[in-house]
Every structure is written in structure tokens, then in C-alpha cells.
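Chemist:
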Amino acid sequence: MLEWRRRREPSLPMLVLSPLIAIGLTMLTGMIVFTAIGYDGFHAVESIFLTPFLEPQRWADIGVKGAPLVMIALGLAIGFRANVWNIGAEGQYVMGAIAGTGVALLTYDMTGWWILPAMVLAGILGGMAWAAIPALLRVKLQVSEILTSLMLTYVAVQFLYFLVRGPWKDPGGFNFPQTRMFTADQTLPTVIEGSLVHLGIPVALLLAVVAWLLMEKTTAGYAVKVVGLAPAAARHGGFSAARTTWATMLLSGGLAGLAGLFEAAGPFGQLTPQFPVGYGFTAIIVAFLGRLHPLGIVFGGIVLAGTYVGGEIAQSTVRLPQAATGLFQAMLLFMLLAIDVLVRWQIGWKRRAA
Amino acid sequence: MNQPREQDVPPRLALAHISKSFPGVKANEDISLSVAPGEIHALLGENGAGKSTLVKIIYGVQQADEGTISWNGSPVAIPSPKAARKLGIGMVFQHFSLFDAMTVIENIALGLDEAVDREELKSQVAAILQSYSLPLDPEREVHTLSVGERQRIEIVRCLLQKPKLLIMDEPTSVLTPQEVERLFATLRQIAAEGCSILYISHKLHEIKALCDSATILRGGRVVATCDPKVETTRRMAELMIGAELRKIEHGQTKEAGAVRLAVSGLSLPGEPPFGTDLKGVSFEARAGEILGIAGVAGNGQAELLTALSGERLAAAPEAIRLDGRAVGLEGAGARRALGLSCVPEERNGHAAVPDFSLADNGVLTARHRLPLAPHGFISRGAVSRFADSVIKLFDVRTTGNGALARSLSGGNLQKFIMGREIGQQPAVLVVSQPTWGVDAGAAAAIRQELVDLAAKGSAVVVISQDLDELLELADRLCVINEGRLSAPRPVASLGIDEIGLMMGGIHGAGEQVGAAHA
Amino acid sequence: MTTAMLVSIIMTLIAASTPLLLASLGELVAEKSGVLNLGVEGMMLCGAVAGFAVAFSSGSMALGLLAAILAGVAAAMVFAVLALSLTANQVATGLALTIFGIGASSLIGAGFVGRTVQRLGPIFPAALSEHPVLRIVFGQDVVVYLSLALVAGVSYFLRRTRAGLILRAVGENDASAHAIGYPVVAIRYAAVAFGGALAGLGGAYFSLALTPMWAERLTAGRGWIALALVVFSAWKPGRLLLGAYLFGAVMTLELQAKAAGVSWLAPEVLAMAPYLATIAVLTMMSLGRKTGRLDAPACLGKPFTAS
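For the protein sequence lines, the chains are A, B and C, in the order given. Residue 213 in my numbering is what sits at position 213 of the first sequence, and the numbering runs on without skipping anything. Residue 1083 in my numbering is what sits at position 83 of the second sequence, and the numbering runs on without skipping anything. Residue 2304 in my numbering is what sits at position 304 of the third sequence, and the numbering runs on without skipping anything.
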């Protein structure tokens, strides 16, 4: 008979392979499910998982969508490793954009190199401030950050609606609910002339390397891991769980805020009610697909950005509704969590007692 | 207890040629024994001798590979604990399966195989408590009870099923001597009513006091069956251990050195939800001595250790002084940097991170005194060298410094943890339950290390529930009870009865008064 | 304020509270068994879309409600297989379930956007259900009465029955419950399934009774509020009833203010109210407790493996 056996040590090959297996299983399941409900399942899966990567003209788009995903996921993953469950990154992303836009609106008639850095700083601080609320409530009162950070996302989105429909509405915008367009000094420069590839993409990659160094080489990264794996041992070793909660919440909030500002000052160029597209939630999947490892997250970000790009392709090729993209992303996370069991357990033949 | 035994009455329980293997281990090999009705039969052996496996087979938790079990003369199969209970076998485990946030009566109801009407159950329980004069309030929540009271829940739970054989697994390991006496009285009464008792222990004086016969196990085999009332303690001990008893080597008698650790008036609320408050704890530990702190589990040992390690801070800096310096408000890292090292009882998850390698576990507590992470950057080379040196010096059996802590046996992990602390040459080492769940060889090595550390001029504080260990190691002994620490006494001047009384403290006395009223 | 207005406000309040009550009551039972299922929002959406699709297609409310319950259970079983059988992280699995519920409901509901069904009606005859005042008591639909009966039922089950005792025991100390011989995982499966059934029903209440039409994400985060309500209730069904109706009141206030066109308060600020109230309630719960422990089941959210 087959039986499950707990591995003495997690399997390293399985750790690396499991995201790939999960992607494969998601493709297979997606094909079957979407064929069963009357779509062209094969081409749907092909459009979502293969076409974006096979057609070079899509790569810039993958980069643009991947950069915020990677930035947010890096912060979230570090938090998750410390058992800090910030799932309100979407709200911090929005607040970062709002704070940065605030600076942009104050400086719209000015020029100078310092404007964009000021917006970046405001974006980071805006995200941090929004993350500081759940951090404070958790550290001081042990209120679950899961619920508070999520509730604050709804609040942030409503705040955005309020601003773009009210005080921040573009006076010359024909009463559309949106802010002014940002000026040249307020816009993220592109890295490749004439393409969509903006500064956020190299910054995201750089941040991944920094995060990797932080987690692998420093006592701060060590503290994060100990606090998450064994809180009592962390206290015994002189690491403060409260300080780690603060640090990881502010870090993830700041990165989400930065991503929000980059998105506002890059692809959007203004704030509109369509600004929150769910990157803050998708980044959770990116973090898990990347095994909470900074370099894995780059991979995860590329795959998930691909599903966004591919989802749009599939809308035109096989008329797949937009919602299907979300479904594929959720299936990917399900599969990953299921496959994860193979990292910790192995299947073997039951040894005959004799 | 000395039931008249007639030859024509079949034994209540008879095991014939029982064997059981696990991958890599023969836990039981060709074990035969029999227990007569009303007999109290001891199963004697060291940790790892195969007692637990054998008992699990009798109680249906595990199945024997070979051999037969007979019940009242006829062979039976016991496929599950439920089947065992149906036959009339009850068991009180060493680690109770209790629910802290629930009441005594709810806990008892949960332990029964069939649903019993609440009122009916209440009256049955009351009857049992009455007839065995067991003090226990059925409506109390379990977390408010002492360990002895918790054990009574398990006993009542078993007695409700009117057992014919009661298995007691190391029942006294967590009791005060007074509680042990009370338990023995109960067990004798149960046996006198015809119920057999299989009593598992490695404590020889208890077995001499209680049991009618004894089966001694070593390495999974029966090495002897004897009458413990006749056999000498020394002979039984040698049978159990399989060698001549070895003594710890203390150096020459020491002069009392300078005070290295001074604790005065240390009070701290217990850790939520169910902790014990520390109440005005004061003691001194001197260079070159080992101070023992005895006490029954749950009397504030865990709180004392975390208060000393700096995981929880004292109210005032002067409450704890290290080499004269007030450190009561310093955190764990600062105290360790100054030379105060602590080893908590729980190895996995407290003293070490189970999912970290040994090398990474070295960083956990050694980074303050050794240059493992200069300027916040971890030096892989230094970390690796430190772990290797601990593994080598303290004879840790492992595949290397990359092995995960949880892949090590309890004894080997404990050796690594002790080595990690001793390797930093602390001024003061406080260690809780240094040999808990550690095999005999490793335990002896760890005790020797503690003695050697003290001999080099450190002060060593050993918190333990194992009196024998403390009497062997400590120069002076005090007792912690309900968060209060008694004044230390030189070990040489103490009798075991006296320590027992100290351990029982107010708590034990109160209970005796309660019993007198009942 | 006239009596008619007051009655109408109370009717709205009860209607707004009912889905919250159902979803949080189901989650309470799951949490009592030691399982933290953060996928309530996802299960509600599955129930909402399944209930609407079946009721719309078949024209039968009963079939719609049944379908909603089954959809909720099915979603809960996906969670259970991952979190209980494969011991995946419960937080991550619950999140995945919510993302899945959003995607699946949008996909299935794509063809139904903007369609309406006949609103779920009262069960008593018009003489009672349309009485100007007594309709508060007799003018409710079957789900409202069911939700109140379930509160009483769950309360009795947890406190008075042996099965309830065992369920609590599993949530308090899974290792001990296993040692005694209770099937920990099976019991948790049942509790999670019950939670899914009620979340599904609560979701369907949105699409069949409150709106009654289909729109994407029409539960608008109520599943998360239901989770907070369980904390607020200190895991007691009676307090849960109070909490759900309190939140129903907050949402009714929001609707009333919007309808009355309160001009000094932006509608977006009103829309924030339930979420801010949730944070406030969670904070007050923590301020109000004496020790470091809410009355959470001791094993809440911890994976269990028998070995």
C-alpha cells in the first residue's frame, strides 16, 4: 500500500520544481475545464501561458505588468516569512499612488529634477503610513493584521474615488473623474527609447537582488526567518517580534506604495477610478509562486504578468472573458499549495511489518 | 495488594513471544510476561528499553509483528484502543490528553466511548471520587488544576469503565512525593478490588514500595522477572542499565567563589494564558558551584528561565545582577553578551529552530559573544567553523553542520545546544531539564560538561524535575513551588523526605487539609 | 420619523444583517473546530452566482438556494482538501479560495450581469406579511427565519450536545482529541463543509433577496466582515447575532444616508463606514480583554497531522 512519509528535511529539488509542476497542472486543468464549459480550452491555455513569452513584441508589456507585481511581492514575501500576513498591499499601493499624486498636483506648475524623487518619496511614505495602521494594531493590541490590512484596502479605494470625483478632479477634464495628467518632470522616464519599458522595471530587478542579500546575508533577514519559524526561539535569541512586525509591515507597505507611484507616474500618468487593478492581490500569488524567495519572485512575477498579457490575447483569440485570468491565477495558487505537500512529504510503499 | 493467587486462575493478561520492529530498530523482541488478577506488576526499564512500544501493543495503539496476547486465558486481538477498553483495559498516559479550556466533567465525557447523560455521568463521577476519596471538583476548568489533579481526571476516566487491567505509564514523573503517596493508596485500593495494574516506571524505590512483581526490560528484551520486595535496588538498577553504575566525577571539593549571579526580589506575572506568577524570587549563584532548583512542573520554572535569559524583563535593573552589574532591564542579547547563557527546557522551537541547520542555529545565541555577524552581515565561514567546533568537541552525531536541527535525536540536539552555550564560556549558565528525554549515555556526558564548566569558575544553575539528577549534580539545592523559591540548602545536609516536603510546599499541605475534610 | 419609515428601516436592517449572520455563523463553527478559513468571501460569491444562475434558469427559488448551499460546500471542500488533507497553510489557502471565488463567479456570472429574478418573498400570508407593523415579525423570507433558528441550533449544539463537545475538543487540542481516538480531520471536514453551506446561502441572499440581480463581486467584502464578526463574538453564537445586527445597522445607516442625499458627507466616506467600523470593533475587542488571550480556540489555524 502507498503511504505518506514526512521527509526529514524538505526536498530541495521539489522546492525548485514545484512551481513548474504547478504551472503544468494548471495548464492541464485549465484546458480540461475551459473545454468542458464550451471554450477552446487548448488555445485559451496557449494564449495565456505560451503566446506572451513566444512573441517578443509582448515582452515589454510583461515587464511593465511584472514590475509592480515583483516589487509588491518582494515586500509581502519577507512579511510572510516572519508570519506577518499583510494582505492589504492593494490599499498600500493605492495610498502610495495617492500620496505621490498629491505631490504632483502641488508641483504641476513647477519644473525641476527634484519633483519625481519627491513623488517617489511620498509614494513610499504613503504606502508605509497605510501599513503602519495594521502594524500598530497588531503590535500594541494583537489585532489580526489580516483583517485590518484588508479592510483598509476598501477604505483606500473609496478614498481614491472620493479624490478623483471631488477635490482632485481635473478642472479641464470635462468633468471626468480623473486627475490632471502628470507633467514631463513628474513622469517616470523610459529606459528604452520609444517603448513602454520604464524605470520601474530595472528598479524592480535591483530590489530583488537587494532583498535576496538582505534575507540571505544579514542578521535582519535572519531575524525575519527566526521570528516566522520559531517565535519562542527568536525571543530566546534576542530578536524582537514587535520590531520585526513593524519592519516587515513598513517594508511591504513602502514597496507597495513605490509600485503604486511608479504605476501612476508611468503607465497611467494620472489617477483614475480604474487605477486599482488588483496587483496587490495578485502579488500574493507571485510571492507564493516564487516560494517567498526574492529571486523566485522575479520568475513568479514574469509568469503572472504573462497571464495578464495572455488573458488579453485570449479575449480576442478565443473570446475568453477577462475573469478567466483571475481564475487561472487562483488555480495556479491552489495547485502550488497542493504540490507543496511533496516538498515536506514523500510517497512510498508501505514497509511490510515482518 | 497481596492477593491470594491460585494456580488454576488464568492470568488476567499474558503476553507470549511479542516482537515489534520499526525501520532500523527492534523495539520489542520475544517478550513474554503475565499479570495475575489483582496483581500490581511493574514494567521496569530505561528510556528506550521498549516499555512504551509494549504498552502501546497491549492498549491497541500498535500491533505486534509476532506473538500472542491472552486475556483471562484466551487469545485475543486488540486492533485499537477502543477494542482494548472494551476488553476492560484502561490506560493513564504519561502525557495527559486533556483540554485545558474545558471542565473536568467535559474532559471525562470526552474520554468515554459511549455518550452518557450529563446528570448520570455527574453522579457516577461523584461516586468514584467518594469511594476512592479523591479530591477533585468536576466543574473546574482543567487549566486551574495541579498536575496531580489532572492525573486524577485520567484515573477517574478509566475507573468509570470498570477496568480489569489498568496501565499506568510513568505516573509519578510529575508528582510531588506527597502526591505519589496518595496515588499509591488509590492504586492499592484499585488492586485490592481485583483490578490488575501494569505499572511502568524506571524509579526503583517506587516499584519496591508498590509492586508485587516486576519485569525488567533492556534493549527491547526481557532481562529478568523478579519480586521487587526481595531483590535489592542496586541489583535491579544494574539489570536495567546493563552495567555497573557509573558515578559523575566531581573535582576536589571547591571553595565557594565570588557571587556571579544574584537575583533579588524578582517578581513577574505568569505567561498568558495559564502561566505561574513569580513571587519575590531571590538567590545567588557563586563561581564554581552548581545550584539546583527542584520542583514539580508548572510551578514557575519556565517563567524563571525566561526572566533570567532576558526574554522577559524584570521590573527593576537591580532584580538581576551579573557579576555585580544590574541587568534586569537588559534584553536577551545584551545579557548573553555579558556572559549570561540560558538553555530552556524545550529544545525544538525554543532553544533551537527546528527548520534551521545546525550552523544557522549557532548564530541564534552565539552571535553576541563571537564574531559571527560583524556589522549585521553574517559571516558564513565563521558560522560554519563555530558549528563544526561544537559538533566535534561535544561529540554531536550528525551528518554535518548543514543538517536541520529537527533531524537530530533529542540527545544529540541537546549536546549541540549545550555545546553552543558552553563553547562561549559563559560567566553563568542556567539550564532547565538538561537531560529530559535524552538517552543515558548522552545524559551522563551532559552532566559531566556541567560539572566541568563549574570547575572552570562559571556559576551553573540547573532547574530540573529529576531529583536524582539534582542530588547527583548540585552543591546546593532550593525548591520552586507556586512561583516562590525556597532558601538554598547544601545538598549534603538534605534527606529525600525533606526535599519532598519542600516541593509539596503550601500546595501539598492545602490538599491534605482538603482531603481531611472530604 | 413615521412608524412606516421606522418599520422600513428595521426591515432593511434585518435583510442587510442576514447574509452576514449566516456566513459568520458557519465560520464560527469551522473556527470552533480549529480551522481558520479565510475564504468566506470566495464561498459567498460561489453561492451567490450558483444560486442566481439556477434560480434564473429554473425559475425555482428553492432550487436556487439549494444550488447555493452546494456551491458553498464544494468551494469549502477545495479548501478542506488543501488545508486539512494536504496541510497547506490555512491563510494562503483561504486567500486562494477568495481569489478563486471572485474569478469563478465573474466567469459563470458573465452571462447574467444585469439580469434580475423575482425577489425571495415572505412565507406568511399577505394578511400578516404585509401588516404595517407586524411585518417586522411575519414579513420575512424563509432564509431570515432559518438564520435565526440556526443561531439557536448552533448554540445548543456547541453547548449541550456530545457532538458539539467533541467539535470544541478538536479545536482546543487536536493532538489530545486524536489520542483519545476522535477523527480530527473528518470532524474538521464536517465543520468546514457546514461553514461553506452557510457562506453559500449567505451569498445567495445577496443575489436572490437583497439586490436581487447579478453583479460582479456583489458581496463587496462582506465575507471579510463576517470573519471579523466571529472575533467580535468571542466565538459565541449569541454575541454573533448581536454583532451581525449591529453591522446590519451600520450598513442600513449608510443606505439611508445615501437615499436621503446627505450632502455634507461624500458617498465614498459613507461607503467606507462598514470597513472602518470593522477595524474599530476589532480594536475595541482587543482593548476590552483582560488577559493576552481572546477566547479563540487554542488550535485555530494550526495544521494537524496524525502521526
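The beta-carbon is built from N, C-alpha and C at its ideal position, and this holds for glycine as well. All values derive from a computational prediction rather than experimental measurement.
Tell me the rounded alpha-carbon separation between A/Gly-24 and B/Phe-1093.
Modeler: Each residue's Cα considered, the two are about 48 Å apart.
Chemist: Assess contact between the segment 19-34 of chain A and the segment 268-283 of chain A, defined as three or more Cβ pairs (one per stretch) separated by less than 8 Å. Is contact present?
Modeler: With the cut-off at 8 Å, the segment 19-34 of chain A and the segment 268-283 of chain A do not touch.
Chemist: With burial defined as no fewer than 16 other Cβ atoms inside 10 Å of the residue's Cβ, what is the status of B/Arg-954: buried or exposed?
Modeler: Because chain B here runs from 1001 to 1518, residue 954 of chain B falls outside it and cannot be looked at.
Chemist: Under 9 Å between the Cβ atoms of B/Ala-1307 and B/Pro-1317?
Modeler: Going by C-beta atoms, B/Ala-1307 is not nearer than 9 Å to B/Pro-1317.
Chemist: Does the CB of B/Arg-1246 have a neighbour CB from chain C at under 9 Å?
Modeler: Model confidence at B/Arg-1246 stands at a pLDDT of 47, short of 50, so the residue's coordinates are unreliable and nothing is read from them.
Chemist: At 8 Å on the CB atoms, spell out the chain A contacts of C/Gly-2195, in chain order.
Modeler: By Cβ distance, chain A contributes nothing, its closest Cβ being about 17 Å from C/Gly-2195, past 8 Å.
Chemist: Find out if the Cβ-Cβ distance for the pair B/Gly-1483, B/Thr-1232 is shorter than 9 Å.
Modeler: For B/Gly-1483 and B/Thr-1232, no; Cβs fall outside 9 Å.
Chemist: Taking only the alpha-carbon atoms, compute the straight-line gap between B/Leu-1245 and B/Leu-1112 and give it to the nearest angstrom.
Modeler: Residue placement at B/Leu-1245 cannot be trusted, given a pLDDT of 46 that sits under 50; the coordinates are not used to answer.
Chemist: Shortest alpha-carbon distance to A/Val-318 belongs to which of A/Phe-268, A/Phe-239, A/Glu-46?
Modeler: The candidate whose alpha carbon is nearest that of A/Val-318 is A/Glu-46.
Chemist: For A/Pro-117 and A/Leu-261, I'd like the C-alpha separation in whole angstroms.
Modeler: So the alpha carbons of these two residues sit roughly 11 Å apart.
Chemist: Given that a residue counts as buried once 16 or more other Cβ atoms are within 10 Å of its Cβ, and exposed if not, what is A/Ser-316?
Modeler: Exposed is the call here.
Chemist: Three-state secondary structure (DSSP) at B/Phe-970?
Modeler: There is no way to answer for residue 970 of chain B, as the model of chain B reaches only from 1001 to 1518.
Chemist: Is C/Ser-2207 close to chain A, meaning its C-beta is less than 9 Å from at least one C-beta of that chain?
Modeler: No, because no Cβ of chain A sits closer than 9 Å to the Cβ of C/Ser-2207.
Chemist: So, helix, strand or coil for A/Gln-274, using DSSP?
Modeler: Correct three-state label for A/Gln-274: coil.
Chemist: Determine the extent of the alpha helix (DSSP H) in which B/Pro-1434 is found, giving its start and end residues.
Modeler: Unbroken run through B/Pro-1434: none, as it is neither H nor E.
Chemist: Could you please give me the residues that DSSP links to B/Ser-1034 through a beta bridge?
Modeler: Bridge partners of B/Ser-1034: B/Ala-1014.
Chemist: Which residue's Cα is closest to the Cα of C/Ser-2058: C/Gly-2094, C/Ala-2016, C/Val-2117?
Modeler: Taking only the C-alpha atoms, the option nearest C/Ser-2058 is C/Val-2117.
Chemist: Can you tell me which of the three DSSP states C/Lys-2236 falls into?
Modeler: It is coil, neither helix nor strand.
Chemist: Kindly identify the DSSP beta-bridge partner or partners of C/Gly-2202.
Modeler: Answer by DSSP bridge pairing: none, since C/Gly-2202 is not bridged.
Chemist: In the DSSP assignment, what are the bridge partners of B/Val-1263?
Modeler: Bridge partners of B/Val-1263: B/Phe-1283, B/Ile-1320.
Chemist: Could you tell me the alpha carbon to alpha carbon distance between A/His-293 and A/Val-103, rounded to whole angstroms?
Modeler: Their backbone Cα atoms lie some 34 Å apart in a straight line.
Chemist: Rounded to whole angstroms, what's the CA-CA distance from B/Gly-1270 to A/Tyr-93? Just pull it up for me.
Modeler: Near 41 Å, if we compare the C-alpha coordinates of A/Tyr-93 and B/Gly-1270.
Chemist: To the nearest angstrom, how far is the alpha carbon of B/Trp-1436 from that of A/Gly-257?
Modeler: Straight-line Cα distance between these residues: approximately 50 Å.
Chemist: Kindly identify the DSSP beta-bridge partner or partners of A/Trp-130.
Modeler: DSSP output for A/Trp-130 lists no bridge partner at all.
Chemist: Please determine, among B/Ala-1077, B/Gly-1194, B/Arg-1085, B/Asp-1466, the residue with the shortest C-alpha to C-alpha distance to B/Glu-1114.
Modeler: It is B/Arg-1085.
Chemist: Closest Cβ-Cβ distance between B/Asp-1277 and chain C: below 9 Å?
Modeler: So, not an interface residue.
Chemist: Going by DSSP in three states, A/Trp-345 sits in which element: helix, strand or coil?
Modeler: Strand.
Chemist: For B/Phe-1099, which residues in chain C fall below 9 Å Cβ to Cβ?
Modeler: Under the 9 Å cutoff, chain C gives Arg-2168, Ala-2169, Glu-2172, Asn-2173, Ser-2176, Ala-2177, Ala-2298.
Chemist: If you measure beta-carbon to beta-carbon, which residues of the segment 222-235 of chain A are closer than 9 Å to chain B?
Modeler: The residues in question are Tyr-222, Lys-225, Val-226, Leu-229, Ala-230, Pro-231, Ala-232, Ala-233, Ala-234, Arg-235.
Chemist: In angstroms, rounded to a whole number, what distance separates the CA positions of B/Ser-1267 and B/Asn-1481?
Modeler: Roughly 14 Å between the two C-alpha positions.
Chemist: Let me check understanding here. Comparing Cα to Cα, which of C/Leu-2300, C/Pro-2297, C/Ala-2298, C/Thr-2283 lies closest to A/Gln-142?
Modeler: Comparing Cα-Cα distances from A/Gln-142 to each of C/Leu-2300, C/Pro-2297, C/Ala-2298, C/Thr-2283, the minimum goes to C/Thr-2283.
Chemist: Exposed or buried, which one is A/Leu-213 when buried takes at least 16 other CB atoms within 10 Å?
Modeler: So A/Leu-213 counts as exposed.
Chemist: Using a C-beta cutoff of 9 Å, does B/Val-1147 count as contacting chain A?
Modeler: No - not a single Cβ of chain A is within 9 Å of the one on B/Val-1147.
Chemist: Alpha carbon to alpha carbon, how far is B/Leu-1413 from A/Ala-204? Give it in angstroms, no decimals.
Modeler: Taking the straight line from one Cα to the other gives about 41 Å.
Chemist: Could you please give the first and the last residue of the uninterrupted beta strand (DSSP E) stretch that includes B/Asp-1169?
Modeler: Residues 1165-1169.
Chemist: Using three-state DSSP, classify A/Met-181 as helix, strand or coil.
Modeler: It is coil, neither helix nor strand.
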